[in-house]
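Student: Here the sequence shown stands for residues 106 to 242, numbered as in the working numbering. I have a structure here, written as C-alpha coordinates, and I will follow up with some questions on it.
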Amino acid sequence: MKTSNLSVSEMGAATGLSPHALRYYEKIGVLRPVARAANGHRRYDKDDVAWIEFVLRLKNTGMPLAQIREYARLRAQGDGTIAPRLDVLEQHRDSLIARIADLQKNLDAIDSKIARYRRALESTPVSTQRRTHHANK
(Lines of atoms letter the chains of each structure in order from A and count residues from 1; the text may use other names and numbers.)
(Lines give C-alpha, C1' and ligand atoms only; values in the text may rest on other atoms or scores of the structure.)
Protein backbone atom coordinates (compact mmCIF):
# COMPACT_ATOMS: atom_id res chain seq x y z
CA MET A 1 0.00 0.00 0.00
CA LYS A 2 1.24 3.50 -0.75
CA THR A 3 2.09 5.64 2.26
CA SER A 4 2.00 9.16 0.87
CA ASN A 5 -0.80 11.41 -0.29
CA LEU A 6 -3.37 9.17 1.41
CA SER A 7 -7.02 10.11 1.75
CA VAL A 8 -8.65 9.82 5.17
CA SER A 9 -10.15 6.43 4.26
CA GLU A 10 -6.80 5.17 2.91
CA MET A 11 -5.09 6.38 6.08
CA GLY A 12 -7.73 4.56 8.09
CA ALA A 13 -7.06 1.37 6.17
CA ALA A 14 -3.29 1.78 6.64
CA THR A 15 -3.51 2.37 10.41
CA GLY A 16 -6.71 0.65 11.50
CA LEU A 17 -8.23 3.92 12.71
CA SER A 18 -11.61 5.12 11.57
CA PRO A 19 -11.82 8.40 9.64
CA HIS A 20 -13.70 9.78 12.67
CA ALA A 21 -10.81 8.85 15.00
CA LEU A 22 -8.27 10.44 12.64
CA ARG A 23 -10.27 13.67 12.53
CA TYR A 24 -10.63 13.58 16.33
CA TYR A 25 -6.88 13.08 16.83
CA GLU A 26 -6.27 16.08 14.59
CA LYS A 27 -8.88 18.16 16.46
CA ILE A 28 -7.38 17.47 19.91
CA GLY A 29 -3.78 17.93 18.77
CA VAL A 30 -2.51 14.34 18.76
CA LEU A 31 -2.10 14.59 15.00
CA ARG A 32 -0.69 17.78 13.49
CA PRO A 33 -2.96 19.72 11.12
CA VAL A 34 -3.03 17.63 7.97
CA ALA A 35 -2.34 18.93 4.46
CA ARG A 36 -5.39 19.45 2.30
CA ALA A 37 -5.95 18.75 -1.38
CA ALA A 38 -7.40 21.45 -3.64
CA ASN A 39 -10.87 20.06 -2.91
CA GLY A 40 -10.28 20.47 0.85
CA HIS A 41 -9.92 16.76 1.58
CA ARG A 42 -7.24 15.67 4.03
CA ARG A 43 -4.06 14.18 2.54
CA TYR A 44 -1.71 12.18 4.77
CA ASP A 45 1.95 11.40 4.11
CA LYS A 46 4.37 8.68 5.26
CA ASP A 47 5.38 10.75 8.29
CA ASP A 48 1.72 10.90 9.36
CA VAL A 49 1.48 7.10 9.00
CA ALA A 50 4.63 6.57 11.10
CA TRP A 51 3.39 8.99 13.76
CA ILE A 52 -0.04 7.38 14.03
CA GLU A 53 1.59 3.95 14.28
CA PHE A 54 3.67 5.24 17.22
CA VAL A 55 0.61 6.88 18.82
CA LEU A 56 -1.19 3.54 18.58
CA ARG A 57 1.76 1.80 20.28
CA LEU A 58 1.48 4.27 23.14
CA LYS A 59 -2.30 3.86 23.31
CA ASN A 60 -2.15 0.05 23.08
CA THR A 61 0.33 -0.04 25.95
CA GLY A 62 -1.96 1.96 28.20
CA MET A 63 -0.77 5.54 27.87
CA PRO A 64 -3.74 7.85 28.52
CA LEU A 65 -4.83 10.02 25.60
CA ALA A 66 -4.13 13.18 27.62
CA GLN A 67 -0.51 12.10 28.05
CA ILE A 68 -0.25 11.20 24.35
CA ARG A 69 -1.58 14.66 23.53
CA GLU A 70 1.05 16.23 25.81
CA TYR A 71 3.77 14.16 24.14
CA ALA A 72 2.48 15.28 20.71
CA ARG A 73 2.53 18.91 21.87
CA LEU A 74 6.15 18.56 22.99
CA ARG A 75 7.08 16.82 19.73
CA ALA A 76 5.56 19.67 17.71
CA GLN A 77 7.85 22.13 19.52
CA GLY A 78 10.96 20.50 18.06
CA ASP A 79 14.31 19.29 19.34
CA GLY A 80 14.27 21.64 22.31
CA THR A 81 11.79 19.28 23.97
CA ILE A 82 13.76 16.06 23.62
CA ALA A 83 14.48 15.88 27.38
CA PRO A 84 10.82 16.18 28.48
CA ARG A 85 9.76 13.74 25.74
CA LEU A 86 12.37 11.30 27.01
CA ASP A 87 10.94 11.71 30.53
CA VAL A 88 7.42 10.92 29.29
CA LEU A 89 8.60 7.79 27.48
CA GLU A 90 10.79 6.60 30.37
CA GLN A 91 7.90 7.00 32.83
CA HIS A 92 5.63 5.07 30.48
CA ARG A 93 8.28 2.38 30.06
CA ASP A 94 8.59 2.06 33.85
CA SER A 95 4.83 1.61 34.17
CA LEU A 96 4.90 -1.02 31.43
CA ILE A 97 7.67 -2.93 33.20
CA ALA A 98 5.60 -2.90 36.41
CA ARG A 99 2.51 -4.11 34.52
CA ILE A 100 4.53 -6.87 32.86
CA ALA A 101 5.81 -7.98 36.29
CA ASP A 102 2.22 -8.09 37.60
CA LEU A 103 1.10 -10.04 34.55
CA GLN A 104 3.98 -12.48 35.03
CA LYS A 105 2.94 -13.06 38.67
CA ASN A 106 -0.62 -13.76 37.53
CA LEU A 107 0.60 -16.07 34.78
CA ASP A 108 2.80 -17.93 37.28
CA ALA A 109 -0.21 -18.44 39.59
CA ILE A 110 -2.32 -19.76 36.71
CA ASP A 111 0.50 -22.04 35.54
CA SER A 112 0.81 -23.39 39.09
CA LYS A 113 -2.91 -24.17 39.22
CA ILE A 114 -2.77 -25.85 35.79
CA ALA A 115 0.18 -27.98 36.92
CA ARG A 116 -1.70 -28.96 40.09
CA TYR A 117 -4.75 -30.03 38.09
CA ARG A 118 -2.62 -32.01 35.65
CA ARG A 119 -0.90 -33.83 38.51
CA ALA A 120 -4.30 -34.58 40.04
CA LEU A 121 -5.57 -35.97 36.74
CA GLU A 122 -2.44 -38.08 36.27
CA SER A 123 -2.87 -39.67 39.68
CA THR A 124 -6.62 -40.28 39.30
CA PRO A 125 -7.88 -43.41 37.48
CA VAL A 126 -9.46 -42.65 34.09
CA SER A 127 -12.83 -44.16 35.10
CA THR A 128 -13.05 -41.77 38.09
CA GLN A 129 -12.15 -38.81 35.87
CA ARG A 130 -15.00 -39.64 33.48
CA ARG A 131 -17.59 -40.05 36.27
CA THR A 132 -16.48 -36.81 37.92
CA HIS A 133 -16.43 -34.90 34.62
CA HIS A 134 -19.95 -36.05 33.66
CA ALA A 135 -21.30 -35.35 37.14
CA ASN A 136 -20.04 -31.77 36.93
CA LYS A 137 -21.84 -30.98 33.68
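Ideal Cβ placement from N, Cα and C applies to all residues, glycine included. Here the structure is a predicted model, which is why all the values come from computation and not from measurement.
Run the CB neighbour count on leucine 163, radius 10 Å, all protein chains shown included, and call it buried at 16 or more, exposed below.
Tutor: Counting Cβ neighbours within 10 Å, leucine 163 comes out buried, since at least 16 surround it.
Student: In terms of DSSP beta bridges, what is arginine 147 paired with?
Tutor: Arginine 147 pairs with Arg141.
Student: Considering serine 112, what are the terminal residues of the alpha helix (DSSP H) in which it resides?
Tutor: Premise fails: serine 112 is in no alpha helix (DSSP H) and is neither H nor E.
Student: Going by the CB atoms, is the gap between leucine 201 and arginine 190 shorter than 7 Å?
Tutor: Result no, Cβ atoms of arginine 190 and leucine 201 do not sit closer than 7 Å.
Student: Taking Cβ to Cβ, would you say valine 135 is nearer than 7 Å to arginine 174?
Tutor: Yes, the pair counts as a contact, with Cβ atoms nearer than the cut-off.
Student: Do the region 114 to 121 and the region 154 to 169 meet, that is, are 3 or more Cβ pairs less than 8 Å apart?
Tutor: At 8 Å Cβ cutoff, the stretches touch.
Student: Measuring CB to CB, does valine 139 end up less than 7 Å from arginine 147?
Tutor: Result yes, Cβ atoms of valine 139 and arginine 147 sit closer than 7 Å.
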